[in-house]
Each structure stands twice: as structure tokens, then as C-alpha cells.
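Residue numbers (my numbering): 28 to 340. A short write-up of the structure that comes next.
Structure follows, in C-alpha cells:
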């Protein structure tokens, strides 16, 4: 059972306490959604509201408990214990006090209590971090391919001299394969280890972002690896396969419909139309990434698949 530490109303550190005690203190208004809490596994103290979902645990159906913050008391409650007021939520036990306050003051400074207190990183910042990570991985990728470059140079020299060596050709193929596998292994290690250990790749560290669970807690190495699988192999298939297939279909269809007399003109047209279709599908299918620009929690497709969020530190 996880042991939690928390800060009281005087900002003094208290604990450790169990999750049951933490929930009781929330009921007694000793801990509010804004109160800072910490347990082993968290890099820093976080507001209770960001991790309350994991403390409440799953519901009877085994699904995550739906929670919200009472705009009147600042406590965290389950959805069944809250009633909506505009965008805000009010605890059932504070309904009368809330209405009385509304009558006396005429208005209440209400924030959307359903908003996630996490600060999500936008699409363009994420694009920048991905570009930085690409630059980080360029040097190792060239190093891994050095044996291939040497083998390819040897084959080129043999071709120029007319003395082609089969062993050199096989060596070039093998070194290309080994270099490719080394690049793949480095990509897996870099993303999985960095995000699992530090919650961020170097690119995300530079822009001040980190990868977390929906409640703000640290993700495991397993989830970090699954995130790489969704981000790289799966997304690449979704982005590139339709684009390449569309290009091939257009080239084939126009080529089949052309006659011998206008073959050259039709070939040029088929290439131009094919490029247009290719680019169009590429932009459309890249929605697996740019969907983050329109999502409230700035999630790309791989974030949706594995249940992660990219937030500001």
C-alpha cells in the first residue's frame, strides 16, 4: 500500500498516511484538490486533484472512478456526489450553502471544476521537441551505418575497376541490415528508457515537458515501450501506407488507360497526379499527429492508444 505525504493548511509537511487516510482527510476538508501531495515514484509534489483518480481507485465495474472538484469547498468527490452548476460542480452536501452564497453575493467566482489541472503541451511545442529528438538521433544513426558506407565504397571501387566481388556485395547488404537494426534498437532504447526513467526525451526536457499518466503520475517502462510502438511503427504505417498505395494506384490506373501514342504525356500526367494524391493523403493521414492541435488535452493518436499526456513541468 502506497504511503502518501501531504501539506496541511499551514503548508507543513505531514505523513506518511495510507490512501484511506488521505481520502478521509479530503472528506474532512483537511486536504483539498489544491493541496500538495507526494509518494514514492513521483518526481515532485503535485496537487491532490491531479492524482485523486488513482487514490479513489476503480469503481465496481473495474473502470476508473469519475471524479470532480467541488467549486464551493475545493474537495474532490466522485461524480455521483456532485451536481452541475453551469460549467462548475458542487458537492451535494454543500448545495444549500452554495445557493445561499449565490443569493448573498449575486455571483460566485466559478472556474470549470471539470477542467484537468494539468497544463498540456501544445502541438507546435511537441513538433519542436520531436525535431530536437531527431537531431539527437542523427549522429548515432550515422555511426551505426559507418560499416555500410565502407562496404558500399568498396563495391563502388570494384564496379569502376570492372572487378565486381560477390562477397563485397553480400557484405554491403549485411552491414546495411545490421546498421538498420542498430538504428531501430537505439530508437526503442532512447524513447523507452528516457521516458520511463526521466519522463521525457532530451527534446521534451529542452522545452520543459514530460510524459505522464492521465492523473499526472509517472508512467512505467512497459507503457513507455508501448507508447513507442504506437508512436513509431503504428503511426508510420497509418501515415505512409495509404499515401504510397494511393500513388501506386494512380500511376497504374493512368498508365493502363494510356495508349502508345500519348504514353510519354500520360506518364508525366500520372506522376503529377500521383504526387498530388500522395501529398494529400500524407497530410490527411498525418492527422495522427496534428489531431493534438484540436484536442482539449493535446493528445496525439499514440497518447490516446496508451493513455498518456504530455504536460509542462
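Quick reminder that beta carbons are idealized off the backbone N, C-alpha and C, glycines included. Just so we're clear, the structure is a prediction, and the values are computed from it rather than from any experiment.
**Item:** Burial state of residue 242 (16 or more Cβ within 10 Å)
**Value:** buried
Practice prompt. Mind listing, in chain order, the continuous alpha helix (DSSP H) runs of no fewer than 4 residues lying wholly within the stretch 65-153?
Written response: 75-83, 122-132
Which residues in the same chain have their Cβ closer than 6 Å to the Cβ of residue 35, if we skip the five residues on either side of it in sequence? 41
TODO: Going by CA-CA distance only, name the one from 101, 98, 100, 119 that's closest to residue 107.
DONE: 119
If you compare alpha carbons, which of 233, 157, 264 is closest to residue 214? 157
Checklist entry - DSSP state of residue 211, grouped into three classes? => result Three-state result, residue 211: helix.
Residue 43 (DSSP reduced to helix, strand or coil): strand
Subject >> Nearest candidate by alpha-carbon position, reference residue 148, set 226, 183, 103, 237 >> reply: 237
Residue 236 - DSSP class collapsed to helix/strand/coil:
strand
Practice task
Spell out whether any CB of chain D is found under 8 Å from the CB atom of residue 217.
Solution key: Among the protein chains of the structure shown there is no chain D, as only one such chain exists.
Counting pairs of beta carbons, one from the stretch 254-274 and one from the stretch 303-319, are three or more of them closer than 8 Å? yes
(Q) With distance defined between alpha-carbon atoms, name the residue in 122, 246, 86 nearest to residue 70. (A) 246
- Query: What's the gap between the Cα of residue 250 and the Cα of residue 29?
  - Reply: 20 Å
Does DSSP put residue 331 in a helix, a strand or coil? helix
### Message
Taking 8 Å as the cut-off, does the stretch 224-232 touch the stretch 185-200 (at least 3 CB pairs, one atom from each stretch)?
### Response
no
**Prompt:** Just how far apart, CA to CA, sit residue 142 and residue 66?
**Reply:** At residue 142 the pLDDT is 48, less than 50, meaning the model places this residue with poor confidence and gives no usable figure here.
Could you tell me which of 47, 166, 295, 266 sits nearest to residue 313, measuring between CA atoms?
Closest by alpha carbon: 266.
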